[in-house]
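**Q** In case it helps, this note's numbering puts the sequence shown at residues 1 to 600. By construction, the Cβ of each residue, glycine as well, lies at the ideal position given by its N, Cα and C atoms. Source: prediction; values computed, not measured.
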Amino acid sequence: MQQKIINPQDLAFQLYELHNVEQFLVFTRYSDHSRETLQAALELALKVAAEEFAPHARLVDEEEPRFENGRVKMRPEVKKALGVLKDTGLMAAGQDYHRGGMQLPAAVAQMCVGMLKGANVGTQGYAGLTIAAANLIMVQGSPEQQARFAEPMMAGRFFGTMCLTEPQAGSSLGDLCTRAEPQLDGTYRLFGNKIYISGGDHELSENIIHMVLARLPGAPLGVKGISLFLVPKILVNEDGSLGERNDVALAGLIHKMGYRGTTSTMLNFGEKDGAVGYLVGEANKGLAAMFHMMNEARIGVGLGSVMLGYTGYLHALEYARERRQGRPLGEKDPSAQQVPLIRHPDIRRMLLAQKAYVEGGLALCLQGAMLVDEKKLAATDDQRNLAAGLLDLLTPVIKSWPSRYCLEANSLAIQVHGGFGYTREYPVEQFYRDNRLNQIHEGTHGIQGIDLLGRKVSMAGGRFYKELMLRLDATIAAACQESRLAESAERLEQAMKAITDATEAINGEKIKGDKEKALANATLYLDAFGQVVVGWLWLRQGLAAIAGLAGQGEQTAAFYEGKIKTCEYFARYELSGVLSTAELLKAVDTTALEILEDQF
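1. Throw me the rounded Cβ distance for the GLY302 and SER403 pair, which I believe falls under 8 Å.
2. My assumption, with CB atoms under 8 Å, is that ILE195 sits in contact with THR165. Please give the rounded CB distance.
3. So the alpha helix (DSSP H) CYS567 belongs to, where does it begin and stop?
4. HIS98 by DSSP, collapsed to three states: which one?
5. Looking at the unbroken alpha helix (DSSP H) that takes in LYS399, where does it start and where does it end?
6. If I follow the unbroken alpha helix (DSSP H) through PHE464, where does it start and stop?
7. For TYR573, is the classification buried or exposed, using 16 other Cβ atoms within 10 angstroms of its Cβ as the cut-off for buried?
8. May I ask you to verify whether the segment 432-447 touches the segment 375-387, counting CB pairs closer than 8 Å and requiring at least 3?
9. Distance, Cα to Cα, VAL21 vs SER411?
10. Check the C-beta distance from PHE191 over to PHE269 and give it rounded, since I have them as a contact under 8 Å.
11. Check ARG66 in the structure and name its three-state DSSP category.
12. Would you identify the three-state DSSP class for HIS210, choosing helix, strand or coil?
13. Can you give the Cα-Cα distance for LEU519 and ALA505, rounded to whole angstroms?
14. Taking all protein chains shown into account, decide if LEU453 is buried (16 or more other Cβ within 10 angstroms of its Cβ) or exposed.
15. So ILE234 is in the beta strand (DSSP E); what residue range does that whole segment cover?
16. What separation, rounded to the nearest whole angstrom, lies between the Cα atoms of ASN673 and ARG484?
17. Short of 6 Å in beta carbon distance, which residues of its chain neighbour ASP61, apart from the five on each side in sequence? Order them along the chain.
18. If contacts are defined as beta-carbon pairs under 8 Å, then GLY669 and ALA106 qualify, I think. What distance do you get, rounded to the angstrom?
19. Below 8 Å CB to CB, which residues in the same chain sit around MET1 once its five sequence neighbours on both sides are set aside?
20. With DSSP collapsed to three states, give me the class of GLY243.
21. In this structure, how does DSSP classify TYR278 when only helix, strand and coil are distinguished?
22. Assuming ARG424 is part of the alpha helix (DSSP H), what are its boundary residues?
23. Please report the straight-line C-alpha distance between LEU314 and ARG424, rounded to a whole angstrom.
24. Taking the continuous beta strand (DSSP E) assigned at PHE159, which residues delimit it?
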């Protein structure tokens with residue numbers, strides 16, 4: 001069966017024609033690579049995704065991990081697939097050669113991961129968390145911690161987790177109360193409870209390394225008193241061998257509506273003498289350190305949302321082409337042959353919306369990946385700082401926009417399937433359930449909106465926001481020179497002006513000191529801002545398609561025409577909503593603030 005994970009034409013177009021990932025091959029880190037080696041890695045990832053991950057996606061949804069006698073039991077296919085991932089080097093595709101990685105550019109490495117997410121997000125979750133935790137240790141940990149814990153993680157021997165949430169605190173990390181007591185040997189003993197810990201317990205690896213937020217004795221209240229600790233499930237000796245079991249206990253499994261293949265756990269630290277842990281980074285600066293992993297995870301959530309939406313779209317597209325139902329509205333002869341669903345305008349509308357969301361979301365995630373490499377490898381400090389600032393600005397959008405709109409793509413995929421879409425006979429309902437979790441993974445829309453509007457837009461005196469708007473202006477100016485894109489460019493310009501006016505009005509309230517009023521509609525701002533950013537990326541895709549039609553590209557004329565039509569759709573159907581939302585934002589509407597608790 002042909003894979004329905006990604007359209008290879010679109011992936012090649014986005015990597016090489018839209019984002020020009022080959023520009024990074026001039027850097028020493030990537031100088032061993034060529035277009036051919038990048039393609040080989042992508043083809044390998046797609047093969048592993050289609051042959052090792054996709055076949056058991058339904059099985060792990062129907063037979064999710066079980067809690068038996070204090071241990072996790074799960075389908076054997078999960079361990080086999082992760083073993084293939086480790087053996088192929090895809091476990092750490094972006095890591096250094098000497099650590100077993102492929103040293104791929106970030107955009108290519110992320111797409112290798114992305115295709116696995118699209119095939120089976122539950123199984124991929126274990127690997128994704130592991131690499132994110134290993135990267136955190138490599139940045140924040142000591143050389144000894146890197147060698148003893150991070151390197152076995154990148155090799156796939158140890159897996160990793162992120163332990164933030166506690167029952168009484170939820171997303172309010174300042175209220176966590178897990179405590180860490182210092183010991184004479186320089187280690188710490190941790191006591192506390194964590195919930196919703198993905199991959200928190202299993203028998204897929206030799207060990208599990210937990211990255212845990214906790215408080216030291218006498219630490220300040222709130223987020224300023226949080227420290228970061230590395231807590232292994234099994235203690236690791238100085239020579240790298242495994243020691244005794246640490247005081248970390250699996251208290252139970254949580255059963256979610258999606259991601260059923262990934263264990264979601266409740267963990268107790270310190271049921272006996274305390275879980276042995278190691279301080280990572282500086283005391284009381286753990287939240288800032290953990291943000292290295294959290295931001296990476298947020299970008300991963302966005303890409304996962306895109307890929308779940310993408311596979312749903314491809315399933316719906318195939319179904320619409322093959323399923324015959326009904327006749328054209330003008331056909332009055334009941335004996336006339338039924339036509340494929342895709343002949344009906346409303347079906348094409350739903351497919352077009354899905355295409356706009358998933359291909360726009362993919363462009364957004366790849367834009368973030370390009371900035372990851374720019375902030376590390378660009379020629380000057382200013383260029384690197386600018387890329388880092390733009391990535392910070394876009395991170396809440398990369399996390400949240402796909403988790404809303406690519407979920408909507410999944411919803412439309414179900415609708416295209418008609419009644420069958422609501423049954424388990426077809427996978428589109430599972431894609432929806434899996435993707436629905438991404439709206440809360442690594443922070444809700446509300447949290448991301450406050451981050452964007454409350455901090456990111458105004459950081460560095462608004463430098464990065466202004467730089468982004470300059471880039472939009474440049475794209476609009478170029479598109480205005482193309483007759484087929486001029487209308488779309490005008491619509492993006494209107495939406496950009498609307499969001500700029502709203503930003504200025506809200507900043508005025510922030511200057512007055514009424515932060516609650518200014519941020520009351522932060523989620524709406526996030527949505528409108530995201531629409532403008534994705535509108536910009538669609539306009540860029542339109543320009544690349546025009547160039548392709550002029551003979552500068554590698555895809556078919558039909559492919560490029562589809563890109564231009566989808567650019568038009570996004571500008572007409574999606575950007576129009578920004579204008580009305582911006583009016584509410586510009587007025588700094590207080591409806592949600594004014595309603596009293598007893599009025600609900």
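**A** Taking the geometry as given:
1. 7 Å
2. 5 Å
3. 557-569
4. helix
5. 381-416
6. DSSP places PHE464 inside the alpha helix (DSSP H), whose first and last residues are 463-480.
7. Sixteen is the threshold: since fewer than 16 other Cβ atoms of the shown chains lie within 10 Å of the Cβ of TYR573, the residue is exposed.
8. no
9. One Cα belongs to VAL21, the other to SER411, and the distance between them is close to 32 Å.
10. 6 Å
11. Collapsing the DSSP output to three states places ARG66 in a strand.
12. strand
13. 12 Å
14. buried
15. 234-236
16. Outside the modelled stretch of the chain, which goes from 1 to 600, sits residue 673, for which no answer is possible.
17. ARG260 and GLN430
18. Here the chain has residues from 1 to 600 only, and residue 669 is not among them.
19. Residue placement at MET1 is flagged as unreliable, the pLDDT there being 46, under the threshold of 50; the coordinate-derived value follows with that caveat. Closer than 8 Å at the Cβ level, and outside the excluded window around MET1, lies no residue.
20. Looking at GLY243 - three-state DSSP - the assignment turns out to be strand.
21. In this structure, TYR278 counts as strand in the three-state DSSP scheme.
22. First-last for ARG424: undefined, no H or E at that position.
23. 17 Å
24. Counting along the chain, PHE159 sits inside the beta strand (DSSP E) bounded by residues 158-163.
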